[in-house]
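In what follows, a single structure is set out as structure tokens and then discussed.
Protein chains: 2
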Amino acid sequence: METSTTSFIVKALTRAIVEHRLQPGAKLAEQKLADHFGVSRTLVRQALFQLSQNRLIRLEPARGAFVAAPSVAEAKQVFAVRRMLEAEMTRAFVRDVTPAKIRALKEHVAQEKAAVEQEDVAGRTALLGDFHVRMAALMGNQVLAQILGELISRCALITLMYQSTSAAEHSNDEHVEIARALAARDEERAVRLMNDHLLHVEENLTFDRKVPTNDISMALS
Amino acid sequence: METSTTSFIVKALTRAIVEHRLQPGAKLAEQKLADHFGVSRTLVRQALFQLSQNRLIRLEPARGAFVAAPSVAEAKQVFAVRRMLEAEMTRAFVRDVTPAKIRALKEHVAQEKAAVEQEDVAGRTALLGDFHVRMAALMGNQVLAQILGELISRCALITLMYQSTSAAEHSNDEHVEIARALAARDEERAVRLMNDHLLHVEENLTFDRKVPTNDISMALS
DNA sequence: GTCGGCAGAAGTGTATACACTTTTTAAATT
DNA sequence: AATTTAAAAAGTGTATACACTTCTGCCGAC
Numbered sequence: 008m009e010t011s012t013t014s015f016i017v018k019a020l021t022r023a024i025v026e027h028r029l030q031p032g033a034k035l036a037e038q039k040l041a042d043h044f045g046v047s048r049t050l051v052r053q054a055l056f057q058l059s060q061n062r063l064i065r066l067e068p069a070r071g072a073f074v075a076a077p078s079v080a081e082a083k084q085v086f087a088v089r090r091m092l093e094a095e096m097t098r099a100f101v102r103d104v105t106p107a108k109i110r111a112l113k114e115h116v117a118q119e120k121a122a123v124e125q126e127d128v129a130g131r132t133a134l135l136g137d138f139h140v141r142m143a144a145l146m147g148n149q150v151l152a153q154i155l156g157e158l159i160s161r162c163a164l165i166t167l168m169y170q171s172t173s174a175a176e177h178s179n180d181e182h183v184e185i186a187r188a189l190a191a192r193d194e195e196r197a198v199r200l201m202n203d204h205l206l207h208v209e210e211n212l213t214f215d216r217k218v219p220t221n222d223i224s225m226a227l228s
Numbered sequence: 008m009e010t011s012t013t014s015f016i017v018k019a020l021t022r023a024i025v026e027h028r029l030q031p032g033a034k035l036a037e038q039k040l041a042d043h044f045g046v047s048r049t050l051v052r053q054a055l056f057q058l059s060q061n062r063l064i065r066l067e068p069a070r071g072a073f074v075a076a077p078s079v080a081e082a083k084q085v086f087a088v089r090r091m092l093e094a095e096m097t098r099a100f101v102r103d104v105t106p107a108k109i110r111a112l113k114e115h116v117a118q119e120k121a122a123v124e125q126e127d128v129a130g131r132t133a134l135l136g137d138f139h140v141r142m143a144a145l146m147g148n149q150v151l152a153q154i155l156g157e158l159i160s161r162c163a164l165i166t167l168m169y170q171s172t173s174a175a176e177h178s179n180d181e182h183v184e185i186a187r188a189l190a191a192r193d194e195e196r197a198v199r200l201m202n203d204h205l206l207h208v209e210e211n212l213t214f215d216r217k218v219p220t221n222d223i224s225m226a227l228s
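Residue numbers (the working numbering), protein chains in the order written: chain A, 8 to 228; chain B, 8 to 228.
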């Protein structure tokens, strides 16, 4: 089955949603998207379906697709799951840690720092999330990496909506600390830092929204 | 967007795959499925796409859909994630345990026992998996329940392929023990039992396959 | 006898057509 | 003026058509 065209549309819409060029709740009319991308509704529908599986949009029968507006309650559940998963992941990571893995993490943290300093909001959110996915991938567990990736992208909307620049800096600092604890093979400290880190991110979700766009062509251009 | 017809097809195919009426690797031709269900390829394609997200089938560009044949290595990764997640879930469960929750779990275990005794292979696999999902749902974390559900269905194929009746009995016994430890609020014991249980399930995956069908109508009838 | 290649068949990928549902608009009634 | 209703517009749901790719089987070359 062909996926390249569809996945292009998925990526474009994902970016637009995650960067808040499309407001939560905004209607995504199939024909308008089809016109914009120069394809038929068929491909747009495939993309929309895929996005609905990622929880970035909501599909209502016979009514259409709408940009998701995940509730804070839902985000809290997601964070609860992440704490469960990542506490144990951190333990496992310490047990099989190697210099190469630490190096990879530290490089990643440096990239984060650059994005935070440039105030590249979308980029920093992606990179801050990727730190956790990276850990999973370095452990060699693809399944873990994928699940974690889904969880993180699932609340990317929320994080983006609610995370301030100072909170992002704080996250980056905490990643530095976690990487150090991992390098020192200090399991208990690493686990505690990770847990605290996730609690901090969750706590720092505030509630001031930005002004959004409803015009599809504008948002995707 | 309409989902009822599509999800009917998804369920039918899921059952057929999970009950091994469709062999891992079997081709799922769109037109044949469309004829079988009396719908157009459009709906079949939607269903196939959904199944591919659940990892029950594999989609190859321009070649079509094939029943997935998850590797044992992949199953091991899935179990590793489950151990991480369920250890912490068990801890959290003990902290908020109530008599009603224990009652619900014990009722569930009784149902399992019935299915195991009747040698209802598909039913018992579903119920044995649901025990874990049930725990998550009883904790009130929908997200956790969904993720766990996906993980479990993801290796349902493997479990079904490889789990013997005696292993199923063993699993049921272990669920009884876990429920008891939860009722006693013995956190450490519950966590240890859960962890051991998952290791046992994983260990008991053997490698004798059954004879499969390739004929779609036969398998789905 | 085996290998390569060339129709023809079968199957997937995308666009379009059309039925049916929801939303909008505007007129008519109270 | 507010509310109801009806018709038109817009939009989604499914089927079908057609282009293009992959597979199959047969023929000829070696």
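Where is the CB? At the ideal position from N, CA and C, for every residue including glycine.
Cβ of residue i within 7 Å of any chain B Cβ
{"i": "A:Q60", "result": "yes"}
{"i": "A:Q84", "result": "yes"}
{"i": "A:E95", "result": "yes"}
{"i": "A:N148", "result": "yes"}
{"i": "A:V88", "result": "yes"}
{"i": "A:L151", "result": "yes"}
{"i": "A:V101", "result": "no"}
{"i": "A:K18", "result": "no"}
Nearest candidate by alpha-carbon position, reference residue i, set the options
{"i": "A:H207", "options": "A:A190, A:H182 and A:A188", "result": "A:H182"}
{"i": "B:A197", "options": "B:V104, B:Q53 and B:P68", "result": "B:V104"}
{"i": "B:H177", "options": "B:L55, B:G156, B:A143 and B:R131", "result": "B:R131"}
{"i": "B:L189", "options": "B:S160, B:L145 and B:A175", "result": "B:L145"}
{"i": "B:A41", "options": "B:A76, B:A19, B:A133 and B:G147", "result": "B:A19"}
{"i": "B:A36", "options": "B:R187, B:L55, B:R22 and B:A23", "result": "B:L55"}
{"i": "A:A175", "options": "A:R22, A:L134 and A:V46", "result": "A:L134"}
{"i": "B:V88", "options": "A:D180, A:A152, A:R62 and A:T172", "result": "A:A152"}
{"i": "A:G156", "options": "A:Q38, A:N61 and A:T172", "result": "A:N61"}
{"i": "B:F86", "options": "A:R192, A:N179, A:S160 and A:I154", "result": "A:I154"}
{"i": "B:K108", "options": "B:G147, B:V123, B:P77 and B:N202", "result": "B:G147"}
{"i": "A:M142", "options": "A:T21, A:L58, A:P77 and A:F100", "result": "A:F100"}
{"i": "A:A129", "options": "A:T172, A:Q38, A:P77 and A:A76", "result": "A:T172"}
{"i": "B:P31", "options": "B:A23, B:A76, B:K39 and B:V46", "result": "B:A76"}
{"i": "B:R187", "options": "B:Q38, B:A23, B:V46 and B:V116", "result": "B:V116"}
{"i": "A:D140", "options": "A:A122, A:V123 and A:S160", "result": "The sequence given here places Val at residue 140 of chain A; Asp does not occur at that position. Minimum Cα distance to A:V140 is reached at A:S160."}
{"i": "B:R192", "options": "B:A121, B:A122 and B:P106", "result": "B:P106"}
Any C-beta of chain A under 7 Å from that of residue i
{"i": "B:A107", "result": "no"}
{"i": "B:M91", "result": "yes"}
{"i": "B:N221", "result": "With a pLDDT of 47 at B:N221, under the threshold of 50, the modelled position of that residue is not reliable, and the figure given next carries that caveat. Not one chain A Cβ lies under 7 Å of B:N221."}
{"i": "B:L189", "result": "no"}
{"i": "B:L212", "result": "no"}
Supposed contact pair residue j and residue i - C-beta distance, whole angstroms, cut 8 Å
{"i": "B:A33", "j": "B:V74", "result": "5 Å"}
{"i": "B:A82", "j": "B:L205", "result": "Not quite, the Cβ-Cβ distance comes to about 12 Å (not below 8 Å), so this is no contact."}
{"i": "B:E184", "j": "B:L158", "result": "So it is not a contact: roughly 22 Å between Cβ atoms."}
{"i": "B:I16", "j": "B:F44", "result": "6 Å"}
{"i": "A:F138", "j": "A:E126", "result": "With 8 Å as the limit, A:F138 and A:E126 do not qualify as a contact, their Cβ atoms being about 18 Å apart."}
{"i": "A:R98", "j": "A:E210", "result": "At roughly 23 Å, the Cβ-Cβ gap does not stay under 8 Å, so A:R98 and A:E210 are not in contact."}
{"i": "B:M96", "j": "A:M91", "result": "6 Å"}
{"i": "B:Q84", "j": "A:Q149", "result": "6 Å"}
{"i": "B:A94", "j": "B:N179", "result": "So it is not a contact: roughly 20 Å between Cβ atoms."}
{"i": "A:L58", "j": "A:T21", "result": "7 Å"}
Any non-hydrogen atom of the ligand MG closer than 6 Å to residue i Cβ
{"i": "B:L40", "result": "This structure lacks the ligand MG, and indeed carries no ligand of any kind."}
For this session: Could you tell me which uninterrupted beta strand (DSSP E) segments, each at least 3 residues in length, are contained entirely in the stretch 44–93 of chain A, listed from first to last along the chain?
Result: 64–67 and 71–74
For this session: Identify every run of the alpha helix (DSSP H) within the stretch 180–215 of chain B, keeping only runs that are complete inside it and at least 4 residues long; order them along the chain.
Result: 194–210
Exercise. Is the stretch 53–71 of chain A in contact with the stretch 107–123 of chain A, if contact means three or more CB pairs nearer than 8 Å?
Worked result: no
Exercise. On the three-pair Cβ rule with 8 Å, is the stretch 20–27 of chain B touching the stretch 164–180 of chain B?
Worked result: yes
Exercise. Is the stretch 38–51 of chain B in contact with the stretch 9–22 of chain B, if contact means three or more CB pairs nearer than 8 Å?
Worked result: yes
For this session: Within the stretch 129–162 of chain B, note down every full alpha helix (DSSP H) run reaching 4 residues or more, in order along the chain.
Result: 149–161
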